[in-house]
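The next block holds one structure in the form of structure tokens; read it before the comments.
There are 2 protein chains.
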Amino acid sequence: MDATETAKRTATASAATGRGRGRRQGYATGDARRARILNIALQEFGENGYRGTSLARIAERAELTQAGLLHHFRSKQELLTAVLDLRDAMDAERLDLSNLPDGGEPTLLALVALVEHNARQPGIVQLFTVLTGEAVTTDHPAHGWAQERYRLLSTSIATALQHGVQAGELRADLDATACAQQVMAMMDGLQLQWLLDPERMDMAATFRAYIDGLLKQISA
Amino acid sequence: MDATETAKRTATASAATGRGRGRRQGYATGDARRARILNIALQEFGENGYRGTSLARIAERAELTQAGLLHHFRSKQELLTAVLDLRDAMDAERLDLSNLPDGGEPTLLALVALVEHNARQPGIVQLFTVLTGEAVTTDHPAHGWAQERYRLLSTSIATALQHGVQAGELRADLDATACAQQVMAMMDGLQLQWLLDPERMDMAATFRAYIDGLLKQISA
DNA sequence: GCAAAAACCTTATACTCGGTAGCTTTGTTA
DNA sequence: TAACAAAGCTACCGAGTATAAGGTTTTTGC
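Chains as they are written, first to last, in full-length UniProt numbering: chain A, 1 to 220; chain B, 1 to 220.
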């Protein structure tokens, strides 16, 4: 994600929330329409991925023409990043990464709770799974977003684990970075299998079992 | 994957290898062209996913028109399944699932070797990662293929682990199914992070560390 | 309270993509 | 070498993203 892109996302975010300062404020009808479009797009991207979603269908469900939709979001890509920003904002309320519970065990148990919550939201989980899968391609519009997301997540978890080590709660020889990456990998991998075949996988229980075993292994 | 689909794949496979019996055999030039198309498609699907790949581009690289390409593979979906069949055949040589080394530790170490091999083949890994990510959507053409693949993999690994239990090598209270799912999840999740940010992740080492810890935990 | 500006949203259009129809050329084989 | 299937082309369709240009509605500044 280059500087131009970042600037565009910021502009879009502020336009969508109607908080442009020097600029003119959007109309009330437009704000409502944008919010509606975002919610529909969230669903569609989650069900069909980025490339499998058509603007025409989103526009139809939002009851305007496709060109009308592109008035609010100048491109499909801009719509995607707006949706991702929306999701990030919603998630921030649930799991504040910059303020994880301190120490190893509380952090890992918070992740178990997150997985249990996700198990009740297949649509959202699918959005992230499909998008991050697509986004490993370097030229995908969400590639930079996905990189950034994983960096933030893994450093947050690793830091929390490292605190556990310093507090003497976890083994001194623990590789916090690798452990954080493993935990995230387990979450993503279980999600994938769960989405493909929900009946064959009790995602929350399997993840909990993994974390239980991990805690036995890394506790001091 | 329904019966019609399976029949189509079989027909394609035999046509592609030029082993039609009652039917006339394909020309040598056609066989060569098909092989070339498959290799190019393998690359393109791996780099851009299914929906991100265009037949026109594959045709251009194979030096024929898009309609000419569709003479050999009647649809994009048929081309995809042919590519997947090709990969499965290539993989079968490397890791024969129906004949995993018996017992827990040898099986898990074989998977470590597989991950080490994958770490040298980012293109192929990307093909599977992008495709399985896309394929969680129920109407994706590779959805059935992905389901089938995971069922086969997980039962193969679970069976091998169960043998380890029966032989007294692994703990009697091991949940072989859940353990197999966890191991696969770890492989997939690490691949995802590795593809997104290769420099931040030593995939093979991290997976090996996970397996080492797991073995300590589940050994009798 | 009224003009001007901006936002909103439309129709029309350009280009790309997967796929079909039908025709010509080329290679194989009897 | 004649018959015939494979190979590959042109031409086209419907659907996709995106742009251009224009008309209508709402807000804002005076």
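Quick reminder that beta carbons are idealized off the backbone N, C-alpha and C, glycines included.
By the neighbour-count definition (other C-beta atoms within 10 Å, threshold 16), residue 106 of chain A is an exposed residue.
Neighbours of residue 111 of chain A in chain B, taken as residues at a C-beta separation under 7 Å, are lacking, since the least C-beta distance is about 13 Å. Comparing alpha-carbon positions, the option among B:165, B:199, B:185 and B:50 lying closest to residue 84 of chain B turns out to be B:50. By the C-beta density criterion, residue 71 of chain A is exposed, having fewer than 16 other C-beta atoms within 10 angstroms.
Under the three-state reduction of DSSP output, residue 75 of chain B falls in the coil class, being neither helix nor strand. Judged by DSSP in its simplified three-state form, residue 219 of chain A adopts strand.
Residue 138 of chain A counts as exposed, since fewer than 16 other C-beta atoms from the protein chains shown sit within 10 angstroms of its C-beta. For residue 60 of chain B, the enclosing alpha helix (DSSP H) begins and ends at 55-61.
Between the C-alpha atoms of residue 181 of chain B and residue 154 of chain B there is a straight-line separation of about 6 Å. Close to residue 147 of chain B, with beta-carbon spacing below 7 Å, are these residues of chain A in chain order: 196 and 197.
Counting C-beta atoms within 10 angstroms of its own C-beta, residue 66 of chain A has fewer than 16 neighbours from the protein chains shown and is therefore classed as exposed. The stretch 163-172 of chain A and the stretch 155-173 of chain B do not touch, with fewer than three beta-carbon pairs separated by less than 8 Å. Taking a beta-carbon distance threshold of 7 Å, residue 77 of chain B does not count as an interface residue toward chain A. Around residue 134 of chain B, the beta-carbon contacts reaching into chain A at under 7 Å are 49, 130, 133 and 134.
Counting only runs of at least 4 residues, the stretch 81-169 of chain B fully encloses the following alpha helix (DSSP H) elements, listed from N- to C-terminal order: 104-118, 122-134 and 143-166. Between residue 27 of chain B and residue 140 of chain A, the alpha-carbon positions lie close to 39 Å from each other. Contact annotation: residue 213 of chain A and residue 162 of chain B have beta-carbon atoms that are not nearer than 7 Å. CA-CA distance, residue 198 of chain A to residue 192 of chain A, rounds to 10 Å. For residue 190 of chain B, the enclosing alpha helix (DSSP H) covers residues 176-196. Looking at the backbone, the Cα of residue 219 of chain A and that of residue 95 of chain B are separated by about 36 Å. Residue burial is scored here from C-beta neighbours: residue 121 of chain B has fewer than 16 other C-beta atoms within 10 angstroms and is therefore classed as exposed.
Within chain A, no residue has its beta carbon less than 8 Å from that of residue 204 of chain B; the closest one is some 12 Å off.
The C-alpha of residue 80 of chain B lies about 16 Å from the C-alpha of residue 125 of chain B.
Here residue 62 of chain A really is in contact with residue 33 of chain A; their C-beta atoms are around 7 Å apart, less than 8 Å.
Chain order gives the chain B residues near residue 213 of chain A as 217, where near means a beta carbon separation below 7 Å.
When rounded, the separation of the alpha-carbon atoms in residue 89 of chain B and residue 82 of chain B is 11 Å. Of A:158, A:203, A:143 and A:123, the smallest CA-CA separation from residue 40 of chain A is found for A:123.
In this structure, residue 100 of chain B lies near residue 156 of chain B, with their beta-carbon atoms less than 7 Å apart.
With the criterion set as a beta carbon lying under 8 Å from some beta carbon of chain A, the members of the stretch 147-170 of chain B are 147, 150, 151 and 154, in sequence order. Between the beta-carbon of residue 211 of chain A and that of residue 130 of chain A there is about 25 Å, and that puts the pair past the 8 Å contact cut. Residue 200 of chain B and residue 190 of chain B have their C-alpha atoms roughly 11 Å apart. The Cβ of residue 90 of chain B sits no closer than 7 Å to any Cβ of chain A.
The beta carbon of residue 137 of chain B falls within 7 Å of a beta carbon belonging to chain A, placing the residue at that interface.
Chain B has a Cβ within less than 7 Å of the Cβ of residue 181 of chain A.
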